[in-house]
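Heads up, the thing below is written out as structure tokens.
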Amino acid sequence: MKELEELKSRLRNCLHTILELEPDLDDIELSHDLRDEFGMLKMLIERINEMELVEDDVARIETATANFLEELQLPMSHLKVTAEKRRFLQ
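Numbering (our numbering), first residue to last: 13 to 102.
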């Protein structure tokens with residue numbers, strides 16, 4: 013039982029990590045493609061307690077989350093530069 017709760021916690025952490033990016037992603041072109049996906053992630057968070065999880069599935073999701081964050085580094089770095097330029101101009 014304790015192992016299942018740990019798996020759920022790890023999954024919840026992955027989903028929250030991605031959802032925290034939602035406001036920032038509104039400023040890049042990918043936001044339209046991801047909007048539906050964010051809704052799906054929010055639904056999954058609500059249903060985590062009903063899920064039966066295994067280590068392999070959670071590990072795969074953690075890897076996918078890390079890959080997703082890595083892929084966003086370049087587009088997000090452009091946002092940071094643009095925001096700094098705007099702040100400088102004000």
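Glycine is no exception: its CB is placed at the ideal position from the N, C-alpha and C atoms.
Since the structure is predicted, the reported quantities are computational estimates derived from the model, not experimental observations.
Cα-Cα separation between residue i and residue j, rounded to whole angstroms
i, j, result
"R47", "L33", "12 Å"
"S21", "H28", "10 Å"
"P35", "A78", "19 Å"
"F100", "K54", "Only weak support exists for where F100 lies, its pLDDT of 48 falling under 50; the coordinates are left without a value."
"E17", "F80", "24 Å"
Three-state secondary structure (DSSP) of residue i
i, result
"V70", "helix"
"L53", "helix"
"E32", "coil"
"L23", "helix"
"M88", "helix"
"D38", "coil"
Exposed unless 16 or more other CB atoms sit within 10 angstroms - verdict on residue i
i, result
"L37", "buried"
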